[in-house]
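Report on one structure; see the data block that follows.
Protein chains in written order, with the numbering used here: chain L, 1 to 304; chain D, 305 to 513.
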């Protein structure tokens, strides 16, 4: 029986709650793994929770106008919006979210939406480092969107649909049906774009969390920062689930989802620990070079 | 925003040129009531387990902050990490001697931090001037200019001493005694008078936010 819209909204909240906690634990555990690689003990796995509580428990905060407040709101809307239109677990009523035909295009829009909203809000903050961070972020984003969009086009051509659920359904039936096996070039381009998207080490100059040009959130503090931190977890989770659905055969239950998304996220840490950080101009040249060619090749192969 | 316990006369920002005065706040800081009971305990626990240092080395002692990030000392395991902007950080480490020129920046950065905020003063120079006690352009006691929660003595204190100081600060915060922000607001006039006594060319706003 098809659940009513009220029940589906309830399910969506549960799904969002799960992905938020999963995203936070993922960030914490990856920080811990990175620390182990560097020969440190590292922060506790639950450190992201403490940071959010701490940020939200600040007693005062400052404002730079309405747009300043709306920046994190847009960002959070972008994160939640991205997740809400991806079916997290294939065939599950609870984690189906609001996936429907054509949701792939919507999700691609939502990935951009948060960043643009943040750019408006951070610009309102008036701090020069915010403006630098925003211009860096948008430049790098425009660059890595090219291979990502090309590989999504290749996947859409290959399966003849823009419905994520249908794409996952087409990949069922074993490893050899995954996009990873049927169109490896598209997966390669998308994975390289993913490194830029999650802003881990080779491409982390945009947020550079502990240096002077911290990036767009320079002026954000207190509960606004808490909101951005929460969004980071949701957005990470959403992107991982999207990648799992498009390229790695989706998941039929939550355990498979956790394992697959953990391994996809682990690619970031693996690459991030091995390569130093690139400047923004270097990373733009990188994304518009070989990954874009791989993406074009994948589209051509899929079209033939 | 109504519980203004302290209501001094609005500060005029008189050190600034007239066209810039409107850009800055001219309202004095106010005291903030802590939350009640177990909620505040929980908040204090979170505050103490997530100390974000303002990465601003104000003196030679800041050289001892750097090793804390390395694998040998690894401050991340205590929930301590550096933040580049005063808006997001909660601990201000005064790294040794503070010259009058640096004091201006210390005051501005301290006031831009969001409360509750904590100050660790590092090295003997922050306590009594240390080897700079008769210098013409360094201040002797930092706690006359901003409230200090913990002192770490030594010249220089080793990174281990810093970590011990952070543990001490954690105890203070967990006990609910890290109320430097409220202390600063309560004695705002006294702190401002002290600051203006040493900073002769006061060309900055009276209250930075």
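A virtual CB, placed ideally from N, CA and C, is assigned to each residue, including glycine. Just so we're clear, the structure is a prediction, and the values are computed from it rather than from any experiment.
Considered as a whole, the stretch 167-234 of chain L harbours 179-182, 184-197 as its complete alpha helix (DSSP H) runs of no fewer than 4 residues, in chain order. Interface flag for residue 172 (chain L) against chain D is unset, since no Cβ pair is found closer than 8 Å.
From the listed residues D:480, D:481, D:492, the smallest Cα separation to residue 450 (chain D) is found for D:492. Interface flag for residue 418 (chain D) against chain L is set, since a Cβ pair is found closer than 8 Å. Residue 98 (chain L) is a Cβ neighbour of residue 85 (chain L), given a cutoff of 8 Å. CA-to-CA, the gap between residue 508 (chain D) and residue 437 (chain D) works out to about 26 Å. Neighbours of residue 50 (chain L) in chain D, taken as residues at a C-beta separation under 7 Å, are given in chain order as 350, 353, 354, 383. Among the bridge pairs identified by DSSP, residue 387 (chain D) is matched with D:358.
For residue 225 (chain L), the residues of chain D that pass the 7 Å Cβ criterion are 392, in the order they occur in the chain.
In the DSSP assignment, residue 426 (chain D) is bridged to D:399, D:456.
With a threshold of 8 Å between beta carbons, residue 347 (chain D) makes contact with chain L. Under the three-state reduction of DSSP, residue 442 (chain D) is assigned to strand. Annotation: the continuous alpha helix (DSSP H) that includes residue 75 (chain L) extends over 66-84. Closest option to residue 453 (chain D), judged by alpha-carbon separation, among D:435, D:471, D:476, D:441: D:476. Out of L:224, L:273, L:167, L:192, the CA that lies nearest to the CA of residue 74 (chain L) is found in L:224.
Against chain L, the CB of residue 510 (chain D) has no partner CB under 8 Å away; the residue lies outside that interface. When Cβ pairs closer than 8 Å are counted between the two stretches, the stretch 319-332 of chain D is seen not to touch the stretch 165-180 of chain L, the count staying below three. Boundaries of the alpha helix (DSSP H) harbouring residue 486 (chain D): 484-490, taken from the DSSP string.
The stretch 405-425 of chain D makes contact with the stretch 452-468 of chain D: 3 or more CB pairs, one atom from each, lie closer than 8 Å. Residue 61 (chain L) carries a coil assignment under DSSP once its states are collapsed to helix, strand and coil. Under the Cβ distance rule, residue 71 (chain L) does not count among the residues neighbouring chain D, no pair being separated by less than 8 Å.
Judged by DSSP secondary structure, residue 504 (chain D) falls outside any alpha helix (DSSP H); it is assigned neither H nor E.
Taking all protein chains shown into account, residue 100 (chain L) has fewer than 16 neighbouring C-beta atoms within 10 Å of its C-beta and is therefore exposed.
The Cβ neighbour count for residue 386 (chain D), taken over all protein chains shown within 10 Å, is at least 16; the residue is labelled buried. When D:485, D:457, D:511, D:413 are compared, the shortest CA-CA separation from residue 497 (chain D) is found for D:511. Contact of residue 375 (chain D) with chain L is assigned, a C-beta pair being separated by under 8 Å.
Residue burial is scored here from C-beta neighbours: residue 183 (chain L) has at least 16 other C-beta atoms within 10 angstroms and is therefore classed as buried. DSSP places residue 51 (chain L) inside the alpha helix (DSSP H), whose first and last residues are 47-56.
In the three-state scheme derived from DSSP, where H, G and I count as helix and E and B as strand, residue 481 (chain D) is classed as coil. Scanning chain L for C-beta atoms nearer than 8 Å to the C-beta of residue 378 (chain D) yields 35, 40, 41, 42, reported in chain order. Taken atom to atom, the span from the alpha-carbon of residue 37 (chain L) to that of residue 376 (chain D) is near 13 Å.
Here residue 199 (chain L) is buried. Its C-beta has 16 or more other C-beta atoms within 10 Å. In its chain, beyond the 5 residues on either side, 221, 222, 223, 225, 226, 229 have a beta carbon closer than 8 Å to the beta carbon of residue 55 (chain L).
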